[in-house]
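First residue of the sequence shown: 198, per the working numbering; consecutive thereafter. Beta carbons are placed, not taken as given, at the ideal position from N, Cα and C, and that holds for glycine. Take a look at the structure below.
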Amino acid sequence: MSAVRSRHSYAGQSVAERQVERRALFVEAALTVFAEKTYAHSSITDICAAAGLSRRQFYEQYAGREELLVEVYDRIQEQARDAVAAALAAADTVEPRVLVDVAIRAYTEAIVGDIRKAKVAFVEIVGVSEAMERHRAEVRDRWGAVVEAAAGALPGVRTPPGGWRVAMAAFIGAVNGLVHQWSLDDPRPPVEVLVDVLTTLLTALALPDDTSN
198 MSAVRSRHSY AGQSVAERQV ERRALFVEAA LTVFAEKTYA HSSITDICAA AGLSRRQFYE
258 QYAGREELLV EVYDRIQEQA RDAVAAALAA ADTVEPRVLV DVAIRAYTEA IVGDIRKAKV
318 AFVEIVGVSE AMERHRAEVR DRWGAVVEAA AGALPGVRTP PGGWRVAMAA FIGAVNGLVH
378 QWSLDDPRPP VEVLVDVLTT LLTALALPDD TSN
């Protein structure tokens, strides 16, 4: 315990501030541990050691590893959504094909710019539990709603066959499979390959073959 205190000084911090800092430390530690040791072969002890915090402090924040995994996953997805929103807001165009490329590029770079995020969000998260699979489906639906809202405001965008929910299930399934494979490949293909493939897929779903006429 003394070693933990020597690493993390909480002088002058409120209880709430300490909890926020500790959660951030646990999330960062879990991102590393789950990516390097895999979720299945890691432990709370591993996470605490990487965070420089105690098991007591862990259980003050989380019921167990899966709850922490959900938080790590959600933060990765939130960071990706923020990156896409910022990129679209900064884009000086309403040309759908350009905006698709901008959005896909921002999303891809947010996810694969840190290989730990790609491994946790697309490999380690899969098949953990029924509850986790339901949560992943909820996140998928939220992404579908984001894409539908953005696309609906653009000229020339069509509703995909089967509607946006079906189309986004197909597209996000492709995202999951592609990034999963990319994260496992050695050597990994250039990130530009991911951007090109995903842009092609989303363009095919949302845009007619020829919007010039």
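Task: Distance between Val212 and Ala183 (C-alpha atoms, nearest Å) - done: Residue 183 is absent from the structure shown; the chain starts at 198 and stops at 410.
Task: As assigned by DSSP and simplified to three states, the class of Ala364 - done: As a working mapping, residue 364 is identified with position 167 in the sequence shown. Ala364: helix per DSSP, three-state reduction.
Open item on the list: Tell me the residue span of the alpha helix (DSSP H) that contains Gly261.
Closed with: Position 64 of the sequence shown holds residue 261. It is not in any alpha helix (DSSP H) - Gly261 carries neither H nor E in the DSSP assignment.
TODO: Give the range of the alpha helix (DSSP H) segment to which Gly349 is assigned.
DONE: As a first step, residue 349 must be located in the sequence shown, where it is residue number 152. Gly349 -> alpha helix (DSSP H) spans Glu327 to Gly349.
Task: Selected residue, minimal CA-CA separation from Ala444, among Phe319, Ala347, Pro384 and Tyr236 - done: Residue coverage of the chain in this structure runs from 198 to 410, which leaves residue 444 outside it and unanswerable.
Task: Residue from Ala283, Asn373, Gly310 and Met365 with nearest C-alpha to Ile322 - done: Position 125 of the sequence shown, counting from 1, holds the residue named residue 322. It is Asn373 whose Cα lies nearest to the Cα of Ile322.
- [ ] Go through the region 289 to 319 residue by residue and report every complete run of the alpha helix (DSSP H) that reaches 4 residues or more, in order.
- [x] Within the region 289 to 319, the complete alpha helix (DSSP H) runs of at least 4 residues are 293 to 309 and 312 to 316.
Open item on the list: Please return the same chain residues whose Cβ sits closer than 8 Å to the Cβ of Leu222, not counting the five positions on each side in sequence.
Closed with: Taking the sequence shown and counting its residues from 1, the one referred to as residue 222 is at position 25. The residues His205, Ala248, Gly249 and Leu250, in chain order, have a CB closer than 8 Å to that of Leu222 in the same chain once the five nearest residues on each side in sequence are set aside.
Open item on the list: Here's a check: name, in chain order, each residue in its chain whose Cβ is nearer than 6 Å to the Cβ of Ile273, leaving out the five neighbours to either side.
Closed with: For the purposes of this step, residue 273 is taken as the residue at position 76 of the sequence shown. By the criterion of a C-beta distance shorter than 6 Å, Ile273 is surrounded in its chain by Lys314 and Ala318, once the five residues flanking it on both sides are discounted.
Task: alpha helix (DSSP H) segment containing Ala213, residue limits - done: Counted from its first residue, the sequence shown places residue 213 at position 16. From DSSP, the alpha helix (DSSP H) with Ala213 extends over Val212 to Lys234.
TODO: Would you mind stating whether Leu404 and Gly341 have Cβ atoms separated by less than 9 Å?
DONE: The sequence position of residue 404 within the sequence shown is 207, counting from 1. The sequence position of residue 341 within the sequence shown is 144, counting from 1. No, these two residues do not count as a Cβ contact at 9 Å.
Task: Straight-line gap, Arg302 to Thr229 (C-alpha atoms, nearest Å) - done: For the purposes of this step, residue 302 is taken as the residue at position 105 of the sequence shown. For the purposes of this step, residue 229 is taken as the residue at position 32 of the sequence shown. Cα to Cα, the separation comes out at about 24 Å.
Open item on the list: Using 9 Å as the threshold, is the C-beta distance between Val325 and Val376 below it?
Closed with: If you number the sequence shown from 1, residue 325 lands on position 128. If you number the sequence shown from 1, residue 376 lands on position 179. In this structure, Val376 does not lie closer than 9 Å to Val325 by Cβ.
Open item on the list: Shorter than 8 Å, the distance from the beta carbon of Leu250 to the closest heavy atom of the ligand FMN, or not?
Closed with: The ligand content of the structure shown is nil, which means the ligand FMN is not present either.
TODO: Tell me whether Asp383 sits in a helix, a strand or coil according to DSSP, three-state version.
DONE: If you number the sequence shown from 1, residue 383 lands on position 186. If DSSP states are grouped into helix, strand and coil, Asp383 belongs with coil.
- [ ] Mind checking which residues open and close the alpha helix (DSSP H) that includes Thr242?
- [x] Here residue 242 refers to the residue found at position 45 when the sequence shown is read from its first residue. Per DSSP, Thr242 belongs to the alpha helix (DSSP H) from Ile241 to Ala248.
- [ ] Check whether the Cβ atoms of Glu275 and Ala328 sit closer than 9 Å, and answer yes or no.
- [x] Within the sequence shown, the letter at position 78 stands for residue 275. Within the sequence shown, the letter at position 131 stands for residue 328. With contacts defined as CB atoms closer than 9 Å, Glu275 and Ala328 fail to qualify as a contacting pair.
Open item on the list: Quick check on DSSP: helix, strand or coil for His238?
Closed with: As a working mapping, residue 238 is identified with position 41 in the sequence shown. Here His238 carries a coil assignment [DSSP, helix/strand/coil].
- [ ] Name the residue from Glu214, Thr290, Ala401 and Arg339 whose alpha carbon lies nearest to the alpha carbon of Pro358.
- [x] Here the question's residue 358 lines up with position 161 in the sequence shown. Comparing Cα-Cα distances from Pro358 to each of Glu214, Thr290, Ala401 and Arg339, the minimum goes to Ala401.
Open item on the list: Between His332, Arg362, Arg333 and Ala334, which has its C-alpha nearest Glu345's C-alpha?
Closed with: Here the question's residue 345 lines up with position 148 in the sequence shown. Glu345 has its Cα closest to that of Arg362, out of His332, Arg362, Arg333 and Ala334.
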